[in-house]
Amino acid sequence: MSAQPTHPVAQAARGEAVLHIDGRPLILCLTMGALARLETAFGVDSLPALEARLRNLSSRDVLVVISALLHGTALSPADLASCRIHPDEAIAAITKAFDGAGV
1 MSAQPTHPVA
11 QAARGEAVLH
21 IDGRPLILCL
31 TMGALARLET
41 AFGVDSLPAL
51 EARLRNLSSR
61 DVLVVISALL
71 HGTALSPADL
81 ASCRIHPDEA
91 IAAITKAFDG
101 AGV
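Heads up: the sequence shown at position 19 corresponds to 19 in full-length UniProt numbering, and the numbers run straight through without jumps.
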C-alpha cells in the first residue's frame with residue numbers, strides 16, 4: 001500500500017505551482033481560462049498586451065493574478081488581501097506557473 005501525499009503536488013509541465021496561503025499549500029495553474037480572466041481584470045485584449053501589463057505588477061495586481069490562477073477556489077483578490085502569503089513565494093509560484101505553461 002503506497003502512502004498518499006498529504007500536500008498537493010504541482011505538475012510543472014501543466015503550468016502548475018504550489019503557493020502557501022494561510023499555511024495551506026494550494027495549486028496555481030495557468031489555463032486559457034486564467035489568461036482570459038487576467039485579460040478582463042487588466043483591461044487588455046490580447047496576449048501580447050497582457051504580457052506587457054504583467055511586467056509591472058502592484059501588490060493588488062499580484063492578488064488578482066493569484067486569484068485567477070486559483071480558479072476553482074472561492075478566494076477573490078479581496079479575500080486574498082487578508083491571507084498570509086509570503087511575497088517572494090507568491091512571485092516565484094506565479095513565475096513558475098507561467099514558465100511551466102510556456103508563456
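Glycine included, each C-beta is placed from N, C-alpha and C at the ideal position.
Own chain residues within Cβ distance below 6 Å of residue i, not counting five before or after
i: residue 64; result: 41 and 77
i: residue 109; result: Examination of residue 109 is not possible in this model, given that the chain is present from 1 through 103 alone.
i: residue 24; result: none
Buried or exposed by the 16-neighbour rule on C-beta atoms within 10 Å, applied to residue i
i: residue 90; result: buried
i: residue 47; result: exposed
i: residue 51; result: exposed
i: residue 36; result: exposed
i: residue 43; result: exposed
Nearest candidate by alpha-carbon position, reference residue i, set the options
i: residue 58; options: 81, 73 and 75; result: 81
i: residue 26; options: 61, 72 and 34; result: 72
Cut-off 7 Å between Cβ atoms - residues of its own chain near residue i, not counting five sequence neighbours on either side
i: residue 67; result: 75, 76, 77 and 80
i: residue 22; result: 83 and 84
Opening and closing residue of the alpha helix (DSSP H) in which residue i lies
i: residue 34; result: 32–42
i: residue 17; result: Per DSSP, residue 17 belongs to no alpha helix (DSSP H); it is in the beta strand (DSSP E), 16–21.
Chain-order list of residues whose beta-carbon lies under 8 Å from that of residue i (same chain, five-residue window excluded)
i: residue 45; result: 39
(Q) My parser needs the alpha helix (DSSP H) runs of 4 or more residues fully inside the segment 68–97; what are they? (A) 77–81
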